[in-house]
Amino acid sequence: MEAFAPGIYPRSEELVQETRDLDRGRTTQEAVDAQVDRDLQLLVAAQQEAGLDLLSDGMLRWQDLFRPFVEAAEGLERGALTRFLDTNTFYRAPHGDGTAPRLAEPLADEYIAPLPTERLVTLPSPFALSLGTGIDPRTIAEGVLRPQIDALGAELVVLSEPFLARAEDADVEGLALALEVLHGGPPLALWITFSDAGGLLARGLAELPVDAIGVDFYSTSIDALPERFGKYLLAGVLDARNSLVEDPPEIASFAAQLEQRVERVALVPNGDLQYVSEPIAREKLARLGQAKTARAGQGVAA
Amino acid sequence: MNDAHTFLTHEIGSLAKPPWLVKTSAGRPLEDSDIDHARSWGAKLGVGGHEELVELLEQGAEDRVQDVANWSSRYTLRLQEKAGLDWIWDGEQQRTEMYAWAIAHANGFEPRGTVRSFDNKYYSKSAVTGPISLAAPYHNDEFEFLKSAAKAKLKVPVTGAYTLAIWSYDEFYGASQGRLGRGESRAATIEARREFALDLARNLIRPNLQALIDLGSEWIQIDEPGASTESDELELFAESFNVSVEGLDCRFSTHLCFSNYDLFFPAIEAMTGCRQYCVGFANYDSRELGATAADRPGYEVISKFRDLPYEPALGLGVLDIHTDFIESPELVRDRILYAVDVFGDPARINVCPDCGLRTRSWDVAYEKLVRMVEGTRLAEEAVSRSLAEAG
């Protein structure tokens with residue numbers, strides 16, 4: 297049993313203030329950079345104290361899941377501010393300019409920070425990044441995501457996918473073609489966030505050409521999981537849209553149920569932790585680690 | 024002349040706070056440019072006694088923040104009056120923010136920190152943790168002051184129950200345990216939110232509205248920017264509005280913005296107590312002139328508001344609040360004339376910006392409002408001419 301936390305992590309109150317001040321011309325980019333470094337150090341420490349197996353950089357500079365690629369890739373443009381699912385957080389929906397997108401340069405360290413030990417890197421899934429652009433996911437994968445993955449060193453690349461399970465008639469086959477393009481580098485996970493993956497599981501989600509599948513178990517029933525699930529499962533057991541902190545023994549018991557169906561399980565949030573404030577997210581990380589420890593103490597599931 | 028028609032004009036809610044209020048509130052020192060701002064805008068708007076404010080700022084107003092806020096309210100009232108609006112508010116100069124201000128005056132909530140709205144913009148989010156009640160009416164002081172200071176009529180913006188519910192964490196109404204691995208039950212989620220929103224409507228919003236009515240408020244605008252967050256909860260939004268206002272003696276309207284407005288139909292057919300919807304359309308519209316459907320793509324949905332059985336007025340958003348582009352009077356005119364053509368009844372059309380102008384400078388906001396009123400006068404001339412010719 298492993299545990300880690302992909303996705304965008306919330307900014308500390310100090311970083312919130314620094315970035316607000318930057319917008320108002322009251323501070324410098326250097327001061328913001330210094331606070332980002334402090335936030336990153338605290339996040340790394342929090343993950344290490346929690347005993348998480350792969351470190352995440354928390355994507356502290358990402359304004360949303362798509363923005364760095366929209367700004368770095370030719371052929372993509374910033375669209376209208378759009379509500380992210382049922383939250384009060386908004387993102388700039390990517391738009392296409394009619395040409396095949398191409399990542400001019402892989403994202404620099406400011407967006408994918410070096411970490412002291414084994415790490416995971418979160419990127420948008422090709423379906424999510426292509427939504428609304430008029431570009432098919434495979435073309436996005438070839439022109440934007442593949443060059444980025446080729447430039448990465450990571451133990452796991454998590455492709456964050458908030459929209460696929462909610463899309464009517466989602467083209468799972470089209471996504472499979474896109475994922476094939478990304479195959480061959482670091483292990484890949486497709487992380488279905490904040491949504492019921494039951495329909496996708498019934499349509500062969502587990503057959504997609506990735507090494508791991510992430511499932512939100514606050515939206516998805518465990519009964520939707522096949523009796524024998526052949527993939528590495530990232531089990532979304534922290535509710536990242538809820539301020540209540542989880543009960544580690546409850547998570548450990550649930551993990552034991554999962555292990556009866558799945559050979560390899562990692563405990564993760566059900567989406568980006570940025571939808572709660574940083575102190576709450578930090579407490580959730582601690583409890584994720586406690587749940588992993590509690591599960592280890594239970595021994596082999598009955 | 025019997026055929027003359029006039030359109031009612033109004034604002035929506037917020038305006039930017041001036042630098043001298045922002046800095047005084049934050050305990051930061053003023054610069055000469057801040058005092059020049061107070062001096063020049065005071066003269067430009069004809070704010071009576073504004074030299075007193077300038078003197079106060081020059082002396083240091085750290086311990087007189089409320090006085091400075093009152094001056095800011097006087098300036099914003101004058102700004103809108105000078106632009107020619109019929110119904111105004113003070114741009115919410117006295118409030119912190121539309122969510123936090125209401126929650127700060129409610130029992131049953133606890134703060135849960137800061138969450139991103141977008142980019143480097145954030146908001147403070149709270150959780151409902153117990154039974155909800157009104158700690159103290161939270162617009163009374165501001166309304167009484169503005170009543171004493173305004174020359175035009177006052178429309179009070181109040182954040183609605185559904186938006187307060189959907190913008191809060193729920194630690195009280197929904198299940199706190201046993202959710203893992205069960206799968207989402209939308210029915211249970213909606214029922215928990217229903218209980219939450221209706222408690223807010225009954226125990227927070229309604230007594231606050233009653234207090235405003237007791238003080239003489241004639242028009243209250245219920246702001247619901249979160250109304251369309253969940254497409255399967257629109258009936259709940261309508262129900263929470265009705266519970267908030269039912270039986271109260273006042274003109275109630277609702278402000279909706281930056282949504283797929285089609286989602287609101289047919290749910291808002293039930294909101295029979297809503298006498299006006301003020302809605303942002305200019306954000307989606309072309310900047311070219313013309314009063315046909317093809318010229319006005321941003322206004323395609325307005326026929327649905329026309330067809331509501333209780334025939335509310337439509338507060339027609341004609342100013343895009345997201346840009347510094349100044350709409351010409353002719354563009355405003357054409358947007359109004361298109362709406363009149365669709366509605367077939369000019370009396371049901373009011374004219375307003377898409378939303379509060381908080382993100383624009385006073386220079387831009389003032390210029391936009393002046394052009395809006397000029398465009399309204401042009402539309403009145405055209406409509407009056409048509410009425411005279413027809414009859």
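For the protein sequence lines, the chains are A and B, in the order given. When you line the first sequence up against the working numbering, it's residues 297 to 598, in that order. When you line the second sequence up against the working numbering, it's residues 24 to 414, in that order. Here a beta-carbon is modelled for each residue, glycine too, at the ideal position from N, C-alpha and C. These figures come from a predicted structure and were not determined experimentally.
Listed by chain order, chain B residues near residue i by CB distance under 8 Å
i, result
"A:Tyr305", "In chain order: nothing, as chain B lies at least about 11 Å away."
Where residue i falls, given that 16 or more other Cβ within 10 Å makes a residue buried
i, result
"A:Lys527", "buried"
"A:Leu403", "buried"
"B:Trp96", "According to the sequence as given, residue 96 of chain B is Ser; it is not Trp. With 16 or more other Cβ atoms within 10 Å, it is buried."
"B:Glu34", "buried"
"B:Phe328", "buried"
"A:Gln343", "buried"
"B:Pro320", "exposed"
"B:Met24", "Caution applies to B:Met24, whose pLDDT of 44 falls short of 50 and renders its modelled position unreliable; the model cannot decide the point."
"A:Gln444", "buried"
"A:Gly510", "buried"
"B:Ala49", "exposed"
"B:Lys40", "buried"
Where residue i sits in the DSSP three-state scheme
i, result
"B:Lys178", "strand"
"B:His28", "coil"
"B:Leu108", "coil"
"A:Ala598", "Because A:Ala598 carries a pLDDT of 40, less than 50, the predicted location of this residue cannot be relied on, and no value is offered for it."
"A:Asp512", "strand"
"A:Ala369", "strand"
"B:Asn93", "helix"
"A:Gly593", "helix"
"A:Ala424", "helix"
"B:Ser407", "helix"
"A:Phe459", "coil"
"B:His143", "A quick correction: the sequence has Asn, not His, at residue 143 of chain B. Coil at B:Asn143, not helix or strand."
"A:Val561", "strand"
"A:Val328", "helix"
"A:Ala577", "helix"
"B:Ala39", "coil"
"A:Asn384", "coil"
"A:Ala493", "coil"
"B:Tyr192", "strand"
"B:Val151", "strand"
Partners in chain A for residue i, counting only beta-carbon separations shorter than 7 Å
i, result
"B:Trp190", "Asn384"
"B:Ala150", "Ser539"
Whole-angstrom distance between residue j and residue i, CA atom to CA atom
i, j, result
"B:Phe275", "B:Leu331", "16 Å"
"B:Ser407", "B:Ala27", "5 Å"
"B:Lys178", "B:Val268", "15 Å"
"B:Glu75", "B:Arg400", "36 Å"
"B:Thr29", "B:Asn373", "9 Å"
"B:Asp113", "B:Arg87", "19 Å"
"A:Pro390", "A:Ser456", "15 Å"
"B:Glu104", "B:Ala175", "7 Å"
"B:Asp415", "B:Leu38", "Chain B is shown from 24 up to 414; residue 415 of chain B falls before or after that span and cannot be answered."
"A:Leu425", "A:Ala587", "33 Å"
"A:Glu309", "B:Cys378", "29 Å"
"A:Ala598", "A:Glu555", "Low confidence applies here, because A:Ala598 scores a pLDDT of 40, under 50, leaving its location unreliable and the question unanswered by this model."
"B:Cys273", "A:Asn384", "30 Å"
"B:Ser191", "B:Ser149", "5 Å"
"B:Glu133", "B:Asp193", "11 Å"
"A:Leu540", "A:Val533", "13 Å"
"B:Ile291", "B:Leu257", "8 Å"
"A:Gly494", "A:Leu501", "9 Å"
"A:Pro302", "B:Leu259", "34 Å"
"A:Leu581", "A:Asp329", "24 Å"
"A:Ala463", "A:Leu486", "16 Å"
Under 9 Å from the C-beta of residue i: neighbouring residues of chain A
i, result
"B:Glu194", "Asn538, Ser539, Leu540"
Contacts of residue i in chain A (Cβ-Cβ under 8 Å)
i, result
"B:Asp386", "What B:Asp386 touches in chain A: nothing, since even the nearest Cβ is about 18 Å away."
"B:Ser140", "Asn384, Thr385, Phe386"
"B:Arg135", "Ser539, Val572, Ser573, Ile576"
"B:Arg202", "Tyr514, Asp535"
Where residue i meets chain B, residues with beta-carbon distance less than 9 Å
i, result
"A:Ser515", "Gly206, Glu207"
"A:Arg316", "Asn143, Lys144, Tyr145"
Distance cut-off 6 Å: residue i Cβ against heavy atoms of the ligand NAD
i, result
"A:Leu399", "Absent from the structure shown: the ligand NAD. Ligands present: none."
Quiz prompt | 4 or more residues per run - each alpha helix (DSSP H) lying fully within the segment 256-334 of chain B | solution = 257-268, 325-329
Quiz item: Counting only runs that start and end within the segment 55-91 of chain B, where is the alpha helix (DSSP H) found for 4 or more residues in a row?
Solution: 55-68, 73-82
Quiz item: Could you give the uninterrupted runs of the alpha helix (DSSP H) lying entirely in the segment 325-389 of chain B, keeping only those of 4 residues or more?
Solution: 325-329, 352-366
Quiz item: Considering only residues of the segment 198-225 of chain B, which uninterrupted alpha helix (DSSP H) runs meet the minimum length of 4 residues and lie entirely inside it, listed in chain order?
Solution: 209-223
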